[in-house]
Amino acid sequence: MTEADRVFSRFPSFIKEYIYSRGWSELRDVQLEAARVIFETDNNLLISSSTASGKTEAALFPIITEICEDPSASSSVSVLYIAPLKSLINDQFSRLDELLEMSGIPVTHWHGDVGAGHKTKLIKNPEGILQITPESLESMLINRSNDIPRLFGSLRFVVIDEVHAMIGSDRGNQVLCQLERIGRLIGYHPRRVGLSATVGDLDLTADWLGAGSGRHTEAPPPKRLPLKWRLCLEHFYIQLDSERQSDRHIKDAERGGVAALDAGYEFLYDSVYGKRALVFSNSREETEYVTATLRQISRARGDEDIFLIHHGNLSASLREDAELKMKADDTVSAVTCATVTLELGIDIGKLDRVAQMGAPTTVSGFLQRLGRSGRRGTPPEMIMVYREETPLPNAPLPEIIPWELLRGIAIIDLYSKERFIEP
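Just so we're aligned: the sequence shown equals residues 94 to 516 in this note's numbering.
Next up, the structure:
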């Protein structure tokens, strides 16, 4: 019997049915490695691999199997799943709900958009899997500290999603402090499982994940696949007067007023219209403006408005509407303008391409955004659009150099030539 056969045979029947229903012919390497660590050791586990590589299933299949094999070992929440975004929790909640429908393991999501009734139900009868944001977990630790031993008294696993987005940040430090506080209140540190995009320093990330847990953290190296991308970088100079007008009328554009259009936005529109695409910007304000401008071009040309928007300042209903429309039908054209909220692992179905306004801020962010496209056997595809002010005739050299374009080229070269990723 092969290693894959041994792992598969141990999964409960509903997980096997889940695998069959998706037409998967075999388990991926990352899923086999995760199962080995969880089934055969008592160590923490860091799963670091590219987007759409099956990280979530790699962690949850063996964790759920362990819970099903010994349900009496859990008299509280069994799995604490921490994610940095509410939208990511909502997406994973729907996936988990489908997976666990026949298992009898309840899944509760807990954040600011969840009604009090769902939270009260968990407080009265703590069990199953709890999905929560760091902010909501902080509130729970402060306001329900007396309930923590009962809520997590037999906690077996802590799953931290999007570890690469937390390490080295204030939120990441907050999560580590929260886990230490939970450990002190329940008298032990449960095993930790981290899910991360490909990172530059695997050992450093593993050390961060296991900090204070008293356990060794295993981090199987991700499989290096042949590098094949489709990238297009287009640079446009814009007139100073036009740019001043666009700055002045951003709010007008958001309300449907006249925005200052230029060749850069026309190129972006032609690149994404009629396709399934994401358009990333580096700020919420720019995302609002890009969306409004693309909609204006659509109206001016008499085209159907297929543009959606997604960022952290929007209401939950607007974000969920964009997510549902993107993944409802892979054959229907839809373009969502987004910030980092869709950079992470939310399922939005098959994409034809990704566009980026300006340069991404990090190599990791570039890879995450690029990785949202190119699933199901096709290479990832990204259009980068750079818009910079036309330099004055007598401008000094530093003002003539297209710095934003150079930054984008540097980010691409750092990974394609050096395989550099921020720790």
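Quick reminder that beta carbons are idealized off the backbone N, C-alpha and C, glycines included. All values reported here derive from a predicted model rather than from experimental measurement.
{"Item": "Determine the contact status of Arg121 and Ser146, defining contact as a CB-CB distance below 8 Å.", "Value": "yes"}
{"Item": "Go through the region 125-190 residue by residue and report every complete run of the alpha helix (DSSP H) that reaches 4 residues or more, in order.", "Value": "148-162"}
{"Item": "In this structure, how does DSSP classify Met195 when only helix, strand and coil are distinguished?", "Value": "coil"}
{"Item": "Could you check whether Leu269 and Gly307 sit closer than 8 Å to each other, using their CB atoms as the reference points?", "Value": "no"}
{"Item": "Please report the straight-line C-alpha distance between Lys109 and Tyr508, rounded to a whole angstrom.", "Value": "37 Å"}
{"Item": "Taking Cβ positions, are Ile390 and Asp355 nearer each other than 8 Å?", "Value": "no"}
{"Item": "Which residue's Cα is closest to the Cα of Pro177: Leu320, Ser262, Thr310?", "Value": "Ser262"}
{"Item": "Where do the ends of the alpha helix (DSSP H) carrying Met419 lie?", "Value": "409-421"}
{"Item": "Relative to the alpha-carbon of Lys368, which residue among Thr424, Ala409, Ala385 has its alpha-carbon at the smallest distance?", "Value": "Thr424"}
{"Item": "What whole-angstrom Cβ distance do Leu437 and Glu191 have, given they're in contact under 8 Å?", "Value": "No, Leu437 and Glu191 are not in contact; Cβ-Cβ is about 20 Å, not under 8 Å."}
{"Item": "Roughly how many angstroms separate the alpha carbons of His211 and Thr201, rounded to a whole number?", "Value": "7 Å"}
{"Item": "I need the straight-line Cα distance from Leu387 to Arg480, nearest angstrom please.", "Value": "15 Å"}
{"Item": "How is Leu485 classed by DSSP in three states: helix, strand or coil?", "Value": "coil"}
{"Item": "Between which two residues does the alpha helix (DSSP H) holding Met233 run?", "Value": "227-236"}
{"Item": "Reducing DSSP to helix, strand and coil, say where Asp122 ends up.", "Value": "helix"}
{"Item": "For the ligand FMN, any of its heavy atoms closer than 7 Å to the Cβ of Asn375?", "Value": "Ligands are entirely absent from the displayed structure, and the ligand FMN is therefore not among its contents."}
{"Item": "Sort Asn236, Gly280, Cys325 by Cα distance to Pro242 and report the nearest one.", "Value": "Gly280"}
{"Item": "Taking the beta carbon of Asn406 as the centre, do at least 16 other beta carbons fall within 10 Å, making it buried, or is it exposed?", "Value": "exposed"}
{"Item": "Please state whether the Cβ-Cβ distance between Leu302 and Ile253 is less than 8 Å.", "Value": "yes"}
{"Item": "Quick one: residues in its chain with C-beta nearer than 6 Å to the C-beta of Pro313, no 5 flanking neighbours on either side, listed in chain order?", "Value": "Glu126"}
{"Item": "Is the beta carbon of Ser171 sitting closer than 8 Å to the one on Ile160?", "Value": "yes"}
{"Item": "For a test of the three-state rule: what should DSSP assign to His342, helix, strand or coil?", "Value": "With a pLDDT of only 46 at His342, under the threshold of 50, the placement of this residue in the model should not be trusted; the figure read from the coordinates follows. If DSSP states are grouped into helix, strand and coil, His342 belongs with coil."}
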